[in-house]
Amino acid sequence: MFTENDELNYISSLEKQLSESLRPLQPDPAFIHQLQKKLERTQHVALERHEPHTGLVIIGAGLVTGLVLLWLVDRLRSRD
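Just so it is clear: in the sequence shown, position 30 is 30 by the numbering used here, and no numbers are missing.
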């Protein structure tokens with residue numbers, strides 16, 4: 001198991017490796033300005049209307065179909 005000191009040493013060494021291998025970038029001011037304007041604009045959000053009883057209709061249709069199939073199988077067996 002690692003002690004808290006081991007974890008801190010690991011994180012410090014990882015931070016040092018990253019700071020040595022990565023160089024900071026200065027983003028283009030025009031890009032920053034354009035991004036800011038896009039984020040400030042209000043966006044239109046369209047939600048699909050969901051029919052609340054659709055799921056119940058599907059379940060009901062499945063049950064009716066199952067009952068009809070059971071009735072047909074029972075009827076075919078009783079003829080024999």
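Note that beta-carbon positions come from the ideal geometry of N, C-alpha and C, so glycine has one too.
For clarity, every value in this text was computed on a predicted model and none was experimentally measured.
Inter-residue spacing [alpha-carbon to alpha-carbon] between residue i and residue j
i	j	result
R36	E48	One detail in the question is off: residue 36 reads as Gln in this sequence, not Arg. Their backbone Cα atoms lie some 29 Å apart in a straight line.
E51	I58	12 Å
N9	Q26	30 Å
K38	L22	29 Å
T3	L14	17 Å
G55	V64	14 Å
S73	G62	The sequence given here places Val at residue 73; Ser does not occur at that position. Going from the Cα of V73 to the Cα of G62 covers about 17 Å.
P29	S12	32 Å
E20	N5	23 Å
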